[in-house]
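Numbering (our numbering), first residue to last: 10 to 395. Worksheet: the structure to be examined is printed underneath.
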Ligand SMILES: NC(=O)c1ccc[n+]([C@@H]2O[C@H](COP(=O)([O-])OP(=O)(O)OC[C@H]3O[C@@H](n4cnc5c(N)ncnc54)[C@H](O)[C@@H]3O)[C@@H](O)[C@H]2O)c1
């Protein structure tokens with residue numbers, strides 16, 4: 010597999026599939042060959058839009074021309090589909106969350122070890138230039154020893170934009186399992202693994218009304234907490250509060266603040282690759298950090314007319330390169346399993362009222378500095394819009 014692009018198949022042709030189909034061409038190590046979906050019409054539509062083949066799920070799983078299959082199904086199907094991909098002899102890369110329970114996640118580890126096949130998992134936004142620079146600063150001691158911090162992801166919810174928002178409010182999603190992966194994965198890459206968690210959880214509504222087309226006005230059940238206030242204790246000693254909610258119309262908390270013995274660091278939303286960093290030193294004077302020259306910071310995309318750096322599929326490209334180089338991939342299975350335990354532990358603590366001690370740990374993924382980012386995406390592909 011070393012000298013040619015990795016041939017990729019996608020299972021799940023919904024909303025996020027356009028991101029993978031649109032952004033994979035940025036990375037010469039990836040070639041999307043075919044797509045599949047439970048709903049054949051969804052696969053045909055995407056195949057036509059992006060000039061790839063539509064196959065049935067079964068045919069894709071057994072296709073000899075596919076090396077890696079990306080699992081873009083709904084969270085409740087993630088475990089079964091990733092299991093089927095490895096069982097069919099292919100490497101898997103899953104959208105987040107990797108699995109809905111720690112038991113499922115552990116079973117995927119066992120399957121990966123048994124088959125020698127890789128599993129990678131989104132999010133890959135922690136590979137963004139800003140988050141990588143934050144990591145470089147923390148590792149260089151720019152704010153001293155990290156002792157505490159905060160992370161906030163709070164909004165009015167998802168039913169005003171997603172055409173089929175049902176899954177967001179069912180077990181397996183909610184703001185912790187849906188958006189928590191971005192925040193908790195970034196915290197783990199910055200600080201390392203978590204030792205225990207506690208949380209209070211609630212839901213403002215037991216049904217919600219869809220505000221997006223085509224199902225505007227339909228009501229859907231809420232079967233998972235939609236407001237979570239959690240405490241995370243990290244192995245290196247830091248304690249972080251993490252608040253995630255879809256019951257908040259507006260707030261003024263910043264996405265992520267990290268406090269050290271010699272300063273503070275303010276990070277942008279880890280749901281995105283770019284944004285600015287601010288830092289204060291022992292003089293307590295907060296100022297914007299001069300950003301380094303990192304490819305995964307360059308705006309290449311517009312979100313609501315705002316230029317954004319969007320390099321989703323970078324994690325998949327890194328996994329493809331890692332397979333060829335026989336090195337660990339950064340969107341690593343041990344980190345995804347640990348993040349799964351942190352998130353499910355938060356929900357478990359919300360139910361029991363007790364602290365939940367983590368039984369898993371993980372290595373921090375290798376940093377992705379400017380040079381390494383250039384290695385994944387050579388000049389010819391830069392600046393290309395999805
Ligand atoms: N939409 C986003 O902006 C976004 C962003 C980041 C991550 N994600 C993640 O990506 C995943 C998919 O999200 P989405 O918004 O594209 O969902 P979606 O509901 O729009 O699409 C999911 C697709 O998967 C198909 N599917 C479901 N179960 C299947 C199975 N067992 N086998 C084959 N196909 C199956 C469905 O038919 C559907 O076409 C979720 O895990 C979500 O958390 C979504």
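Ideal Cβ positions, reconstructed from N, Cα and C, are used throughout, including at glycine.
In whole angstroms, what is the alpha-carbon distance linking residue 101 and residue 351?
-> Approximately 22 Å, taken between the alpha carbons.
Is the beta carbon of residue 77 sitting closer than 8 Å to the one on residue 61?
-> Using a Cβ distance threshold of 8 Å, residue 77 and residue 61 do not count as a contacting pair.
Nearest-angstrom Cα separation, counted from residue 298 out to residue 349 | One C-alpha to the other measures close to 32 Å.
Given residue 109, which residues of its chain have a CB within under 6 Å of its CB, disregarding the five upstream and five downstream residues?
-> Closer than 6 Å at the Cβ level, and outside the excluded window around residue 109, lie 181.
Using alpha carbons as the reference points, say which of 337, 273, 52 lies closest to residue 129.
-> For residue 129, the nearest C-alpha among the options comes from 337.
Taking the alpha carbon of residue 372 as the point to measure from, which residue in 177, 199, 50, 147 has its own alpha carbon closest?
-> Comparing Cα-Cα distances from residue 372 to each of 177, 199, 50, 147, the minimum goes to 199.
Under the three-state DSSP convention, the category residue 94 falls into | Helix, per DSSP.
Under the criterion of a Cβ to heavy atom distance below 7 Å, does residue 133 qualify as lining ligand 1?
-> No.
What separation, rounded to the nearest whole angstrom, lies between the Cα atoms of residue 410 and residue 67?
-> Here the chain covers residues 10 to 395 and nothing more, so residue 410 does not appear.
Take residue 53 as the anchor and find which of 105, 63, 59 has the nearest alpha-carbon.
-> Out of 105, 63, 59, 63 has the C-alpha closest to the C-alpha of residue 53.
Can you find at least 3 beta carbon pairs, one from the segment 311-328 and one from the segment 215-227, that sit closer than 8 Å?
-> With a cut-off of 8 Å, the segment 215-227 and the segment 311-328 do not count as touching, because too few Cβ pairs lie within range.
Going by DSSP, what residues sit across from residue 317 in a beta bridge?
-> In the DSSP assignment, residue 317 is bridged to 310.
Determine the DSSP secondary structure at residue 233, reduced to helix, strand or coil.
-> Here residue 233 sits in coil by DSSP.
Identified DSSP bridge partners for residue 80 = Residue pairing of residue 80 in beta bridges, as defined by DSSP: 20, 103.
Given 8 Å, three or more beta-carbon pairs between the segment 322-332 and the segment 131-146 = Here the segment 322-332 makes contact with the segment 131-146; the two share three or more CB pairs at distances below 8 Å.
Out of curiosity, what's the CA-to-CA distance linking residue 28 and residue 292?
-> In this structure, the straight-line span from the alpha carbon of residue 28 to that of residue 292 is close to 43 Å.
Rounded straight-line distance, which links the Cα of residue 82 to that of residue 90 = Roughly 8 Å between the two C-alpha positions.
Short check: CB of residue 234 to CB of residue 211, under 8 Å?
-> Their beta carbons are under 8 Å apart, which means residue 234 touches residue 211 by this criterion.
For ligand 1, is there a heavy atom less than 7 Å away from the beta-carbon of residue 187?
-> Proximity of the beta carbon of residue 187 to ligand 1 is indicated: a heavy atom of the ligand is located closer than 7 Å.
Start-to-end residues for the alpha helix (DSSP H) that takes in residue 383 | It spans 379-385 - the alpha helix (DSSP H) in which residue 383 sits, taken as one unbroken run.
Is the beta carbon of residue 275 less than 8 Å from the beta carbon of residue 231?
-> Cβ atoms of residue 275 and residue 231: not closer than 8 Å.
Buried or exposed: where does residue 201 fall if 16 or more other Cβ atoms within 10 Å of its Cβ makes it buried?
-> Counting the other Cβ atoms within 10 Å of the Cβ of residue 201 gives 16 or more, which makes it buried.
Would you mind stating whether residue 284 and residue 308 have Cβ atoms separated by less than 8 Å?
-> Not in contact: residue 284 and residue 308 (Cβ atoms no closer than 8 Å).
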